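Beneath this line is the structure, given in structure tokens, with notes to follow.
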Amino acid sequence: MSQLQSVPMIEVETVPETEGAVPPVMFNAGEDAEAQAHQIQAMSEGVVHGDTVECLGGHYRVADKVGLMPLLKFAHTASMDVDANDMEGLVAIYDMLRDCLHEDDWKRFERDMTVKKAEADEMMTVVQQAIEVINARPTRQPSGSSSGPPTTGAPSTATSSSPPAPRARPGMDDTLVPVGRLAEAL
1 MSQLQSVPMI EVETVPETEG AVPPVMFNAG EDAEAQAHQI QAMSEGVVHG
51 DTVECLGGHY RVADKVGLMP LLKFAHTASM DVDANDMEGL VAIYDMLRDC
101 LHEDDWKRFE RDMTVKKAEA DEMMTVVQQA IEVINARPTR QPSGSSSGPP
151 TTGAPSTATS SSPPAPRARP GMDDTLVPVG RLAEAL
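Numbering (the UniProt record's numbering), first residue to last: 1 to 186.
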């Protein structure tokens, strides 16, 4: 298998489809290559990318870390067919928004939504956008976790009667590189 060569700059240009489309993006291979590889993959697959959500013309950052409890409470409330206009539904939406939005943007978001008289459907759109942003982020292994199964003594020399598993899907050549290894090559 051939080694990939490092490329100092990669320019990804988007073709504007609508007014306000994203301008060309420059990627510097020397800075956080793994994050850039994830961004390139997300853009090529049409996955939501970025760390902001939009509501009624305002842009707000999504929190760096989002806790599971507000999401669980939100999901539980939704599963009970609680309407967004019920108090319990409103509390679940508020808690979810509060946890999803960056703390430095929260007061501005609250003020903007009050002044602009935002409705429940607009709040739900923000929640949906935030969940899409969070799901598009690369997952990281918890720091306390091991990087794999523990290694033990010498490997087994016993052979299996079943044929070895194929390395790649039939018809795929060996030049394909897993996305996780792209950053290593930069």
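Ideal Cβ positions, reconstructed from N, Cα and C, are used throughout, including at glycine.
Please read these numbers as outputs of a predicted model, since none were measured by experiment.
Where does residue i sit, in a helix, a strand or coil, going by DSSP?
i: residue 102; result: coil
i: residue 91; result: helix
i: residue 64; result: coil
i: residue 53; result: strand
i: residue 132; result: helix
i: residue 122; result: helix
i: residue 73; result: helix
i: residue 78; result: helix
i: residue 107; result: helix
i: residue 83; result: coil
i: residue 2; result: The predicted position of residue 2 is uncertain, since its pLDDT is 49 and thus under 50; a value taken from the coordinates is nonetheless stated next. Residue state, collapsed to three classes: coil.
Whose C-alpha, out of the options, is nearest the C-alpha of residue i?
i: residue 55; options: 91, 111 and 103; result: 111
i: residue 116; options: 66, 58, 65 and 51; result: 58
i: residue 189; options: 118, 99, 133 and 104; result: Any answer about residue 189 is impossible in this case: the structure gives the chain only from 1 up to 186.
i: residue 92; options: 68, 104 and 108; result: 68
i: residue 228; options: 118, 120, 130 and 70; result: Residue coverage of the chain in this structure runs from 1 to 186, which leaves residue 228 outside it and unanswerable.
i: residue 122; options: 94, 133 and 104; result: 94
i: residue 120; options: 108, 90 and 135; result: 90
May I ask you to list the residues that DSSP assigns as paired with residue i?
i: residue 59; result: 54
What distance in whole Å lies between the Cβ atoms of residue j and residue i, which are believed to be in contact at a cut-off of 8 Å?
i: residue 124; j: residue 84; result: 7 Å
i: residue 70; j: residue 96; result: 5 Å
Within this structure, are the beta carbons of residue i and residue j separated by less than 8 Å?
i: residue 126; j: residue 53; result: yes
i: residue 133; j: residue 81; result: no
i: residue 105; j: residue 61; result: yes
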